[in-house]
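Numbering (our numbering), first residue to last: 1 to 449.
Written out as structure tokens, the structure reads:
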């Protein structure tokens with residue numbers, strides 16, 4: 001019988017540290033070179049784009065691909081509504097199908113797919129810009145921007161660590177959302193910031209005059225003060241009342257019915273809530289239909305014009321309406337969070353001799369901390385951008401205006417775009433700390449998980 005012995009496995013030689021170090025240096029050098037090339041190309045493309053849109057257009061016939069988005073929507077607007085719907089669905093399907101086709105074929109190897117990616121990198125920007133109907137003397141800028149963007153995408157895609165086609169695929173996935181963010185969020189934000197330093201017509205630079213007006217003019221000053229009052233009182237009181245409802249209703253009979261009744265105001269629009277409470281605050285001589293003045297006159301008092309009671313009284317009464325509508329949201333979220341607190345923790349605290357209040361403070365509150373933060377920040381952001389209640393109930397009169405309402409009022413009523421933009425920037429500054437706080441809390445929760 002033949003003796004078959006297994007050959008001893010040879011151990012892999014240890015990697016040469018110098019070779020590994022040289023490889024890491026090459027990778028780092030490649031990344032730095034790619035990053036530098038991409039950065040320079042993007043700066044050049046942005047510069048060309050800004051120069052193209054800021055220069056005075058010449059009175060020449062526009063050069064297009066035979067049609068443009070403008071002509072397409074004009075043609076579509078002349079059709080009937082029944083015909084418009086299938087055309088929009090068809091165009092949307094064609095665009096999505098083309099993107100999905102390119103995404104599917106992008107990572108594949110082969111000469112055909114190489115040329116497909118190369119052509120897409122250059123043709124897509126050209127077609128996109130030409131659909132925007134550039135003027136004839138701007139075609140050279142369109143071609144230059146398309147060549148730069150296509151070249152930098154293909155170059156970065158070719159040198160990407162994951163292989164050719166990966167970065168191209170990633171860009172196609174992210175491009176629709178990035179374009180929508182650019183058009184609908186970033187560009188308006190930058191435009192508003194620039195407009196806040198211009199006069200009411202947007203033609204002359206006035207520096208900080210609009211911001212000085214915001215904090216010195218009665219309309220601007222009271223809009224800032226009232227917004228601060230809203231954002232301090234509304235989230236705090238609504239969350240506290242919602243938490244109290246969540247704690248006590250969970251132990252009551254008919255829990256579902258009670259929660260439905262408390263949640264109902266949240267389902268009412270702010271316009272509807274404003275109309276309802278305007279009747280509550282109604283003021284008139286003679287027979288009272290407003291509940292509040294009916295109570296006052298029943299005790300021998302004189303009716304009060306509550307929504308004209310300044311300063312701050314009318315603002316506080318408007319805040320009551322907002323709290324009434326938001327308490328149901330706070331109750332629902334916090335009730336679910338309280339039920340998710342492990343009962344073992346409550347039993348352990350009870351065995352340690354903690355009373356109901358101590359268990360609530362030391363066990364329940366820490367257990368629902370993340371939900372409390374969500375409720376507070378959500379209601380605070382809603383209080384910062386409140387418009388409907390003020391518009392319906394007071395129209396901003398008697399020093400009851402807020403930033404969101406005054407921003408719209410300055411633009412639509414007084415055609416003062418500079419003041420409106422400055423108010424919008426101040427409102428954004430108020431919202432920014434809440435956004436930063438939420439981002440930090442999300443990061444902390446991810447670290448814990």
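Cβ atoms here follow ideal geometry from the backbone N, Cα and C, with glycine treated the same way.
Computed from a predicted structure; not experimentally measured.
About 6 Å separates the Cβ atoms of residue 234 and residue 379, confirming a contact at the 8 Å cut-off.
Listed as beta-bridge partners of residue 198 by DSSP are 205. Secondary structure in the region 81-124: the alpha helix (DSSP H) runs of 4 residues or longer, each lying completely within the stretch, are 81-105 in chain order. Scanning 281, 239, 447 for the CA closest to the CA of residue 373 turns up 239. With a cutoff of 7 Å on beta-carbon distance, residue 320 and residue 263 are scored as not near each other. For the options 422, 92, 398, 108, the alpha carbon positioned closest to that of residue 312 is the one of 398. Annotation for residue 180: no residue places its beta carbon closer than 8 Å to its own, counting only its chain and skipping 5 residues before and after.
Looking at the backbone, the Cα of residue 26 and that of residue 417 are separated by about 54 Å.
Between the alpha carbons of residue 140 and residue 121 lies a distance of about 18 Å.
Taking the Cα positions, residue 395 is about 22 Å away from residue 265. Rounded to whole angstroms, residue 440 and residue 85 show a C-alpha spacing of 43 Å. Shown here for residue 207: same chain residues with a beta carbon closer than 8 Å to its own, the five before and five after excluded, namely 197 in chain order. Distance from the CA of residue 69 to the CA of residue 185, rounded to the nearest whole angstrom, comes to 21 Å.
For residue 338, the uninterrupted alpha helix (DSSP H) run begins and ends at 313-339, by DSSP. One Cα belongs to residue 299, the other to residue 289, and the distance between them is close to 15 Å. Between the region 170-177 and the region 108-118 there are fewer than three C-beta pairs closer than 8 Å, too few to call the two in contact.
Annotated three-state conformation of residue 354 is coil, per DSSP. Fewer than three pairs of CB atoms, one per stretch, sit closer than 8 Å, so the region 348-363 makes no contact with the region 425-436. Listed in chain order, the non-local C-beta contacts of residue 258 below 7 Å within the same chain comprise 249, 252, local neighbours out to five positions each way being set aside.
Judged by DSSP secondary structure, residue 371 falls within the alpha helix (DSSP H) whose first and last residues are 369-384.
If you draw a straight line from the Cα of residue 209 to the Cα of residue 225, it is about 19 Å long. In terms of Cβ geometry, residue 119 and residue 165 do not form a close pair [threshold 7 Å]. No Cβ-Cβ contact shorter than 7 Å links residue 160 with residue 149.
Going by DSSP, residue 186 is part of no alpha helix (DSSP H) at all; its letter is neither H nor E.
Pairing residue 156 with residue 31, the inter-Cα distance amounts to about 10 Å. Within the model, the alpha-carbon separation for residue 199 versus residue 392 is close to 29 Å. When only Cα atoms are considered, residue 419 and residue 431 end up about 19 Å apart. In the assembly as shown, residue 406 is a buried residue. Its beta-carbon has 16 or more other beta-carbons within 10 Å. Rounded to whole angstroms, the separation of the alpha carbons of residue 270 and residue 192 is 27 Å. Contact annotation: residue 254 and residue 334 have beta-carbon atoms that are not nearer than 7 Å. For the pair residue 72 and residue 78, the Cα-to-Cα distance works out to about 10 Å.
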